[in-house]
Amino acid sequence: MNDADPGLFGPRSVTWQMHGDPMMWIAGIRALYLQALHPRAVRGVTQNSDFRRDAWGRLLRTASFVGTITYGTTAAAEQAGARVRKIHRTLEATDPATGETYGIDEPELLLWVHCAEVDSYLQVQRRSGFPLTDA
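Quick look at the structure:
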């Protein structure tokens, strides 16, 4: 972030405040568990990710992405998003029961992943006493 470009959210946003709280690590783990409840999402991860070999590295790369989106300049956030979309556009997963192959960038799947993150962030922060209003 710089003074001329506070990024997508800016230092006064609830997004900045929430992501600066250590409870967000707990919220992120909750989001991963919730995302894994979707069979297509978990297949996409197990069939395309190195998390079994390098779970810590995978977590840190995800945290770095979230940090760039949250605190980076607008250009840095947009570049990070474009990089992830480009990678996901090339990846597929296969349902072992049906043999169906699908792109892991399906809109419904991306919506599930995003909503699991947002719900986890809000639920954990509220339960931990972080001051949030219904707005």
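Letter by letter, the sequence shown follows residues 1466 to 1600 in this note's numbering. Yeah, the Cβ is synthetic: ideal placement off N, Cα and C, and Gly gets one too.
- Taken through DSSP and simplified to helix, strand or coil, Glu1543 comes out as helix.
- Remark: C-beta atoms of Gln1512 and Ala1558 approach each other more closely than 7 Å.
- Secondary structure at Asp1560: coil, using DSSP grouped into helix, strand and coil.
- The residue among Ala1562, Arg1523 and Gly1537 with its C-alpha nearest the C-alpha of Gly1475 is Gly1537.
- Within the model, the alpha-carbon separation for Leu1502 versus Gly1532 is close to 25 Å.
- In this structure, Ala1542 places its C-beta atom within 7 Å of the C-beta atom of Gly1472.
- The residues Gly1509, Asn1513, His1553, Leu1556, Glu1557 and Ala1558, in chain order, have a CB closer than 7 Å to that of Ile1569 in the same chain once the five nearest residues on each side in sequence are set aside.
- Separation of Thr1563 and Ile1491 (C-alpha to C-alpha, rounded to the nearest whole angstrom) is 35 Å.
- By the 16-neighbour rule on beta-carbons within 10 angstroms, Ala1506 is buried.
- The beta carbons of Met1488 and Val1589 sit closer together than 7 Å.
- Under the three-state reduction of DSSP output, Asp1599 falls in the coil class, being neither helix nor strand.
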